[in-house]
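Chemist: This structure is in structure tokens; I'll ask about it shortly.
There are 2 protein chains.
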Amino acid sequence: MVEVAATRRSQPERREEMRRRLVAATLDALADHGHAGASLSVILDKAGVSRGAWAHHFDTKAEMLALAAEGLLREAVASAGTLSPAILPPGDGPAALGALLEQAWARFYEGRHRDLLFEVALAARTDAELKQRLAPIFSDFITAVGQSWGLALRPRPGAGAALADLMVLTVYMLRGMAMQELAAGPSPDHARLRALWAGLLAAQISC
Amino acid sequence: MVEVAATRRSQPERREEMRRRLVAATLDALADHGHAGASLSVILDKAGVSRGAWAHHFDTKAEMLALAAEGLLREAVASAGTLSPAILPPGDGPAALGALLEQAWARFYEGRHRDLLFEVALAARTDAELKQRLAPIFSDFITAVGQSWGLALRPRPGAGAALADLMVLTVYMLRGMAMQELAAGPSPDHARLRALWAGLLAAQISC
DNA sequence: GTAAAAACAAACCAATCAGTCTGTTTTATA
DNA sequence: TATAAAACAGACTGATTGGTTTGTTTTTAC
């Protein structure tokens, strides 16, 4: 009889991995079924975790959801801070700005990440506790975009708009476009519209 | 004993009014509690309608929700078509465009209407049947904005961007801003940012 | 090695979910 | 005015919800 060596793990290891699995499964359930469909049973199935084990690590579903949402948004804030400087090709304005837009689009406003962002924002709307925890992170995201994307950019001499403001407007536009794709499906026009936006920005920004 | 004269109503009247009440209550519940919290019981409480009466008029909650969402969006499409021409003050560009933006903002992207728009869009994401019914209306909205807002506007001679595209970008920007307010609360910067965008538009558009 | 604590499993619970069933009231038809 | 049909009310149903309870396995501390 072969005895499979039960991988012995310390309790901190166990605890951390279990909580990580549960939080990940919460986001998976949110992405797959939306806030309304992400029941505890669905989440636990995805995590492969029993109800009893779950209860040992979290008091309520709301607490677990809040933790998952906070993690998602904090990562987005951190990611926003590292977006622009590295990827901007030097020289020609519209193309470089276009590349920045495409990076932001792909990172935040397509696919699963976009879906989660919207699900979490909407969930917070009607849940005071969740809203209180998430609202400041949403604000941080905009602040991060405004402050850090401008690092590799310079306003053109005669430009009437501050760099930070232009970057915030850009993010808002991408978000609205993302919502359109979420609701109506992807549109072939959108890549062209992003390039058009980059061109308008280039009149204000040099890089 | 006073006999209150029971207001006699025809069956078509009854039917129509009951369905109208139920659809209105569905939107109220959606606005107040979100998709996840808008249970049939909540909706029926708001409507003041019994379960039996409801069942006589709708087969499923999903069907009623779809009808409510369709109505909401079709009204928005119609409203988008009548937005610009009447309200634009003639003459000076940035101010007129600013007024257009503020109109659009107030009509679509503030308060209850904004909340419902987002709730409905997100609900459709994970509900294939609902998505199939709503997606074309979301597309119609963008088409309507692109086509009709340009009626009172003219591109400036040297402008590189089509009017319709600029209007669509504008709506996307407003939407993204709306989502920020939904998630993080209203921001005093946003009115300024809208005016800033109106100024940038004025470089491309004369009116 | 042994006792305590942490981790885990699964049966269980009251409340609520969407939807149905049965019977009553109101309107329409003849 | 009698009969049928539509409108309505409220009790009821099985499934599912978030959460609890009881008992077992694994890790830790002595």
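Taken in order, these protein sequences are the chains called A and B. Under this note's numbering, the first residue of the first sequence is numbered 1, with each subsequent residue one higher. Under this note's numbering, the first residue of the second sequence is numbered 208, with each subsequent residue one higher. For each residue, glycine too, the CB sits at the ideal point set by N, CA and C.
Glu70(A) and Ile142(A): beta carbons closer than 9 Å?
Modeler: Against the first sequence, residue 70(A) aligns to sequence position 70. Against the first sequence, residue 142(A) aligns to sequence position 142. No; because the gap between Cβ atoms is not below 9 Å, this pair is not in contact.
Chemist: Using the beta-carbon of each residue, which ones in chain A are nearer than 7 Å to Glu326(B)?
Modeler: Here residue 326(B) corresponds to residue number 119 of the second sequence, with the count starting at 1. The contacting residues are Leu122.
Chemist: Assign Met208(B) to one of two classes, buried (16 or more other C-beta atoms within 10 Å of its C-beta) or exposed (fewer than that).
Modeler: As a position in the second sequence, residue 208(B) is number 1, starting the count at 1. Low local confidence applies: a pLDDT of 30 at Met208(B) is under 50, so the model's placement there is unreliable, and no value is given.
Chemist: Measure the C-alpha to C-alpha separation of Gln339(B) and Ala198(A) and round it to an integer number of angstroms.
Modeler: Start at 1 with the first residue of the second sequence, and residue 339(B) comes out as number 132. Start at 1 with the first residue of the first sequence, and residue 198(A) comes out as number 198. Distance between the alpha carbons of Gln339(B) and Ala198(A): 32 Å.
Chemist: Below 8 Å CB to CB, which residues in the same chain sit around Ser206(A) once its five sequence neighbours on both sides are set aside?
Modeler: Within the first sequence, numbered from 1, the residue matching residue 206(A) stands at position 206. Cβ neighbours of Ser206(A) beyond the five flanking positions: Gly93, Leu153, Arg154, Pro155 and Arg156.
Chemist: Shorter than 9 Å from the beta carbon of His33(A) to some beta carbon of chain B?
Modeler: The residue labelled residue 33(A) in the question sits at position 33 within the first sequence. Yes, because at least one Cβ of chain B sits closer than 9 Å to the Cβ of His33(A).
Chemist: Pick helix, strand or coil for Arg154(A), following the three-state DSSP scheme.
Modeler: As a position in the first sequence, residue 154(A) is number 154, starting the count at 1. Strand at Arg154(A).
Chemist: What does Ile205(A) pair with, by DSSP beta-bridge criteria?
Modeler: By 1-based counting over the first sequence, the position of residue 205(A) is 205. Paired residues: Pro155(A).
Chemist: Consult DSSP for Ala212(B) and reduce its assignment to one of helix, strand or coil.
Modeler: Counting from 1 along the second sequence, the entry for residue 212(B) is found at position 5. Unreliable positioning characterises Ala212(B) in this predicted model, as indicated by a pLDDT of 42, which lies under 50. The coordinate reading is nonetheless provided below. Of the three classes helix, strand and coil, the one that applies to Ala212(B) here is coil, per DSSP.
Chemist: Is DSSP giving Thr233(B) helix, strand or coil here?
Modeler: Here residue 233(B) refers to the residue found at position 26 of the second sequence. Reduced to three states, the DSSP call for Thr233(B) is helix.
Chemist: Among Leu22(A), Glu16(A) and Asp28(A), whose alpha-carbon lies nearest the alpha-carbon of Leu116(A)?
Modeler: Counting from one through the first sequence, the residue named residue 116(A) turns up at place 116. For Leu116(A), the nearest C-alpha among the options comes from Asp28(A).
Chemist: For Tyr109(A), which of helix, strand or coil comes out of DSSP?
Modeler: Residue numbering aside, residue 109(A) sits at position 109 when the first sequence is read from its first letter. Three-state DSSP puts Tyr109(A) in coil, outside helix and strand.
Chemist: So, is the C-beta of Thr333(B) closer than 9 Å to a C-beta in chain A?
Modeler: On the second sequence, residue 333(B) is found 126 positions in, with the first residue counted as 1. Yes, Thr333(B) lies at the interface with chain A (some Cβ there is under 9 Å from its Cβ).
Chemist: Going by DSSP in three states, Ala62(A) sits in which element: helix, strand or coil?
Modeler: By one-based count along the first sequence, residue 62(A) stands at place 62. Correct three-state label for Ala62(A): helix.
Chemist: Using the C-alpha atoms, what's the distance from Met225(B) back to Ala212(B)?
Modeler: Position 5 of the second sequence, counting from 1, holds the residue named residue 212(B). Position 18 of the second sequence, counting from 1, holds the residue named residue 225(B). Because Ala212(B) carries a pLDDT of 42, less than 50, the predicted location of this residue cannot be relied on, and no value is offered for it.
Chemist: Does Tyr172(A) have its Cβ less than 9 Å from a Cβ in chain B?
Modeler: As a working note, residue 172(A) is residue 172 in the first sequence. Answer yes: the Cβ-Cβ gap between Tyr172(A) and chain B drops below 9 Å somewhere.
Chemist: Which same chain residues, not among the five before or five after Ala245(B), have their C-beta less than 6 Å away from its C-beta?
Modeler: Here residue 245(B) refers to the residue found at position 38 when the second sequence is read from its first residue. Same-chain partners within the cutoff: Ala236 and Leu237.
Chemist: Alpha helix (DSSP H) containing Gly353(B): first to last residue?
Modeler: As a position in the second sequence, residue 353(B) is number 146, starting the count at 1. Counting along the chain, the alpha helix (DSSP H) containing Gly353(B) begins and ends at Ala335 to Ser355.
Chemist: Measure the C-alpha to C-alpha separation of Arg382(B) and Ala368(B) and round it to an integer number of angstroms.
Modeler: Position 175 of the second sequence, counted from the start, is the residue given in the question as residue 382(B). Position 161 of the second sequence, counted from the start, is the residue given in the question as residue 368(B). Those two C-alpha atoms are separated by around 21 Å.
Chemist: Apply the 10 Å Cβ neighbour rule to Ala273(B) and answer buried if 16 or more other Cβ atoms are within range, or exposed otherwise.
Modeler: Locating residue 273(B) in the second sequence gives position 66, where the first residue counts as 1. The residue in question, Ala273(B), is buried, as its Cβ has 16 or more Cβ neighbours within 10 Å.
Chemist: When you compare each of Met177(A), Val23(A), Asp127(A) and Val42(A) to Gly111(A) by their alpha carbons, which one comes out closest?
Modeler: By one-based count along the first sequence, residue 111(A) stands at place 111. Checked all of Met177(A), Val23(A), Asp127(A) and Val42(A); the closest Cα to Gly111(A) is Met177(A).
Chemist: Quick one: what's got a C-beta closer than 6 Å to Gly146(A)'s C-beta in the same chain, skipping five residues either side?
Modeler: The count along the first sequence starts at 1 and reaches residue 146(A) at position 146. Around Gly146(A): Ala164, Met167 and Val168.
Chemist: Pick from Gly34(A), Glu13(A), Arg21(A) and Ser10(A): whose alpha carbon is nearest that of Glu326(B)?
Modeler: Translated into the one-based positions of the second sequence, residue 326(B) becomes position 119. For the residues Gly34(A), Glu13(A), Arg21(A) and Ser10(A), the minimum Cα distance to Glu326(B) belongs to Gly34(A).
Chemist: Flag this pair as yes or no: are the beta carbons of Gln411(B) and Leu101(A) separated by less than 9 Å?
Modeler: Sequence index remark: in the second sequence, residue 411(B) carries index 204 (1-based). Sequence index remark: in the first sequence, residue 101(A) carries index 101 (1-based). Against a cut-off of 9 Å, the Cβ pair of Leu101(A) and Gln411(B) comes out as no contact.
Chemist: Using beta carbons (cut-off 9 Å, strictly below), is Gln147(A) in contact with chain B?
Modeler: Indexing the first sequence from 1 puts residue 147(A) at position 147. Chain B, which has no Cβ nearer than 9 Å to the Cβ of Gln147(A), makes this no.
Chemist: Can you tell me whether Leu358(B) is buried or exposed, with buried defined as 16 or more other CB within 10 angstroms of its CB?
Modeler: Here residue 358(B) corresponds to residue number 151 of the second sequence, with the count starting at 1. Counting Cβ neighbours within 10 Å, Leu358(B) comes out exposed, since fewer than 16 surround it.
Chemist: Along chain A, which residues have their Cβ under 8 Å away from the Cβ of Ile349(B)?
Modeler: Working through the second sequence from its first residue, we reach residue 349(B) at position 142. The answer, in chain order, is Gln180 and Ala184.
Chemist: What span of residues does the alpha helix (DSSP H) with Val168(A) cover, start to end?
Modeler: For the purposes of this step, residue 168(A) is identified with residue 168 of the first sequence, where counting begins at 1. Leu163 to Ala184 is the extent of the alpha helix (DSSP H) around Val168(A).
Chemist: If the cut-off is 9 Å on Cβ atoms, which residues from the stretch 151-167 of chain A count as contacting chain B, listed in chain order?
Modeler: So the list reads Gly160, Ala161, Ala162, Asp165 and Leu166, given in the order they occur along the chain.
Chemist: Measuring CA to CA, which of Leu22(A), Ala36(A) and Gln11(A) is closest to Glu63(A)?
Modeler: Position 63 of the first sequence, counted from the first residue, corresponds to residue 63(A). Out of Leu22(A), Ala36(A) and Gln11(A), Leu22(A) has the C-alpha closest to the C-alpha of Glu63(A).
Chemist: Report the three-state DSSP secondary structure of Ser39(A) (helix, strand or coil).
Modeler: Within the first sequence, the letter at position 39 stands for residue 39(A). In the structure shown, Ser39(A) sits in coil (DSSP, three-state: anything other than H, G, I, E or B).
Chemist: At the level of alpha carbons, what is the spacing between Ser396(B) and Gly185(A)?
Modeler: The residue given as residue 396(B) occupies position 189 in the second sequence. The residue given as residue 185(A) occupies position 185 in the first sequence. Residue identity check: residue 396(B) is Asp in the sequence provided, not Ser. The alpha-carbon atoms of Asp396(B) and Gly185(A) are separated by roughly 31 Å.
Chemist: Would you kindly work out how many angstroms separate the C-alpha atoms of Ser50(A) and His57(A), rounded to a whole number?
Modeler: Counted from its first residue, the first sequence places residue 50(A) at position 50. Counted from its first residue, the first sequence places residue 57(A) at position 57. Cα to Cα, Ser50(A) sits roughly 11 Å from His57(A).
Chemist: Just checking: is the beta-carbon of Leu407(B) within a distance shorter than 9 Å of some beta-carbon in chain A?
Modeler: As a first step, residue 407(B) is located in the second sequence; it is residue number 200 there, counting from the start. True, the Cβ-Cβ gap to chain A drops below 9 Å.
Chemist: Cα separation between Gly279(B) and Phe315(B)?
Modeler: Reading the second sequence from its first residue, position 72 is the one you call residue 279(B). Reading the second sequence from its first residue, position 108 is the one you call residue 315(B). The sequence shown places Leu at residue 279(B), not Gly. Cα to Cα, the separation comes out at about 11 Å.
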